[in-house]
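In what follows, a structure is listed as structure tokens, so that the remarks can point back to it.
There are 2 protein chains.
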Amino acid sequence: MVAKSKATRELSRLELAVLGLVFQGAPCTAYWIRRQFRASPSSFFSGSAGAVYPAVRRLEVRSLVKATTRREGRRRSVEYRLTARGRRALEAWLSPPFPFEDVAFTMDPIRTRVYYLEALGAGERRRFVAEAVEQARRRAAIVESESEERRRAGDLFGYLGGRGVVHEARARVRWLEELRRVVEPGTSGMSEAAEQE
Amino acid sequence: MVAKSKATRELSRLELAVLGLVFQGAPCTAYWIRRQFRASPSSFFSGSAGAVYPAVRRLEVRSLVKATTRREGRRRSVEYRLTARGRRALEAWLSPPFPFEDVAFTMDPIRTRVYYLEALGAGERRRFVAEAVEQARRRAAIVESESEERRRAGDLFGYLGGRGVVHEARARVRWLEELRRVVEPGTSGMSEAAEQE
DNA sequence: CCGCTCATGTAACTGGTTACATGATTTA
DNA sequence: TAAATCATGTAACCAGTTACATGAGCGG
Chain Z
0 MVAKSKATRE LSRLELAVLG LVFQGAPCTA YWIRRQFRAS PSSFFSGSAG AVYPAVRRLE
60 VRSLVKATTR REGRRRSVEY RLTARGRRAL EAWLSPPFPF EDVAFTMDPI RTRVYYLEAL
120 GAGERRRFVA EAVEQARRRA AIVESESEER RRAGDLFGYL GGRGVVHEAR ARVRWLEELR
180 RVVEPGTSGM SEAAEQE
Chain Y
0 MVAKSKATRE LSRLELAVLG LVFQGAPCTA YWIRRQFRAS PSSFFSGSAG AVYPAVRRLE
60 VRSLVKATTR REGRRRSVEY RLTARGRRAL EAWLSPPFPF EDVAFTMDPI RTRVYYLEAL
120 GAGERRRFVA EAVEQARRRA AIVESESEER RRAGDLFGYL GGRGVVHEAR ARVRWLEELR
180 RVVEPGTSGM SEAAEQE
């Protein structure tokens, strides 16, 4: 009976994203990975050194990536590439069916506020929605130009992912416009909003 | 000069959500708050005891909520309500302008995968998208009925927040359908997708 | 020579997570 | 009477965060 070392726990979202980035950028340094996170205006992660360096290490001890140290003059850097196991782990992550919590994941800090809008008076509610629509529109414009940029750069899947961000940003705008119609004077509430899509 | 005690750090998202819930449910117990989180299929938080009890405590030491212990027979419970300061903190949180990171927040574990779809062959990509569309549709159906339920229950802002979840879920479906058109055989990629809204 | 970028890392902290522990009350 | 629910909490853990520290190489 071969020992089953450590009961391999699931990879964190950061570790999985790093795995994907190593696949894309190989051979690449942890520093390069950090920059990818920091460059994206829609990344969940900050790309902080304190997260990325330990994460690639964890992937290494699981032998999902392998490191090769390089020296140019007196400057050193550690380059990573996927191992065969790493490649398989990446494919497994990308293969359906997807865990329910990944499909159900949702978080919008503005929406969180809406649940408690009761705490505001009618005028303040209107200001809330007006500003939220405004800020959501600006955000949508930003992510649209960002995904367009990726398209122009020939980065197909970067573009397609970016399109997801665009759809989401526009959905937020539409939702807030719907909300505005409810919150505006002369409307009663529950009846008119929904359902023409 | 009056001492400025501790340099009041910002409230966490959980603490803010708890503050809102105490406003809604007052007088309410920490246990009731936990149930609100656990009942919602779209809450970011699990409502775990290890998070909620310490969170309400932190709000208490900041005197944003106040606790009153109650005894019925030999059963005790701690009831919370907002203080005036708590009420003001809630209103401040609900008042625009909203911090950029709250407007820009976005995270979709399926979308994260799409960025690395390059790692799959054409057939596997189609399976990816087909399954993702399917799961996203089921999710949309669930959150739709959930928000409808709130509407029927007369919970206006619960309904309106739920509508946000619906818009988001539908946006994911539409995005994945767009993605499918790109990934399907006979299409070249970057050209056809976007822009009719 | 100053400051920026490349490059690697650590340390202290934080705010979540799961799992556990306890006990009263209610319901099947 | 067994199990679910109400109700409180703690402990161990974990994976992020910011901030700091170090140093090579390069452009102005």
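Taken in order, these protein sequences are the chains called Z and Y.
Under numbering that gives the first Met the number 0, the first residue of the first sequence is numbered 0, with each subsequent residue one higher.
Under numbering that gives the first Met the number 0, the first residue of the second sequence is numbered 0, with each subsequent residue one higher.
Even for Gly, the Cβ is constructed at its ideal location relative to N, Cα and C.
Predicted, not measured: the structure shown is a model, and the values here were computed from it.
In the DSSP annotation of this structure, the continuous segment of the alpha helix (DSSP H) that includes residue 18/Y starts and ends at 12 to 24.
Within the region 51 to 94 of chain Y, the complete beta strand (DSSP E) segments at least 3 residues long are 64 to 71, 74 to 81, listed from N- to C-terminus. By the neighbour-count criterion, in which 16 or more other beta carbons inside 10 Å mark a residue as buried, residue 83/Y falls on the exposed side.
Non-local beta-carbon contacts of residue 150/Y in its own chain, meaning distances under 7 Å to residues more than five positions away in sequence, involve 158 in chain order. Annotation for residue 126/Z: the continuous alpha helix (DSSP H) segment containing it runs 121 to 151. Put simply, the backbone Cα of residue 42/Z is about 25 Å away from that of residue 60/Z. Proximity of the region 88 to 103 of chain Z to the region 68 to 76 of chain Z falls short of the contact definition, fewer than three beta-carbon pairs being nearer than 8 Å.
Inclusion of residue 80/Y and residue 40/Y in the CB contact set at 8 Å is not warranted, their separation being larger than that value.
Pairing residue 30/Y with residue 19/Z gives a Cβ-Cβ distance that is not under 8 Å. Residue pairing by DSSP puts residue 28/Z in a beta bridge opposite 78/Z. Counting the other CB atoms within 10 Å of its CB gives residue 14/Z a total of 16 or more, which places it among the buried residues.
Chain Z places a beta carbon closer than 8 Å to that of residue 156/Y, counting this residue as a contact. In chain order, 168, 169, 172 place their CB closer than 6 Å to the CB of residue 139/Y, counting only its own chain and leaving out the 5 sequence neighbours on each side. Under the three-state reduction of DSSP output, residue 99/Y falls in the helix class.
Residue 179/Y and residue 125/Y have their alpha carbons spaced roughly 7 Å apart. DSSP places residue 184/Z outside both helix and strand once states are collapsed to three, so it counts as coil. Flagged as an interface residue toward chain Z: residue 92/Y, by a C-beta distance shorter than 8 Å. For a cut-off of 8 Å, the C-beta gap from residue 16/Z to residue 111/Y is around 6 Å, short enough to register as a contact. The C-alpha of residue 122/Z lies about 17 Å from the C-alpha of residue 86/Y. Within the model, the alpha-carbon separation for residue 47/Y versus residue 56/Z is close to 30 Å.
Legend: CB atoms of the region 39 to 66 of chain Z lying less than 8 Å from CB atoms of chain Y belong to residues 40, 41, 43. By the C-beta density criterion, residue 146/Y is buried, having at least 16 other C-beta atoms within 10 angstroms. In the structure shown, residue 8/Z adopts coil according to DSSP, grouped into three states.
Contact note: residue 36/Z does not reach chain Y at a C-beta cutoff of 8 Å; the least C-beta distance is about 12 Å. At a cut-off of 8 Å, the C-beta of residue 122/Z has no neighbouring C-beta in chain Y. Residue 118/Y sits close to residue 90/Z, with the two beta carbons spaced by under 8 Å.
Here the alpha carbons of residue 108/Y and residue 127/Y stand approximately 13 Å from one another. Shown here for residue 176/Y: same chain residues with a beta carbon closer than 8 Å to its own, the five before and five after excluded, namely 132 in chain order.
Boundaries of the alpha helix (DSSP H) around residue 111/Z: 108 to 113. Within the model, the alpha-carbon separation for residue 52/Y versus residue 33/Y is close to 9 Å. With its beta carbon at least 8 Å from every one in chain Z, residue 32/Y lies outside the interface. Residue 142/Y is positioned such that its CB atom lies closer than 8 Å to that of residue 164/Y.
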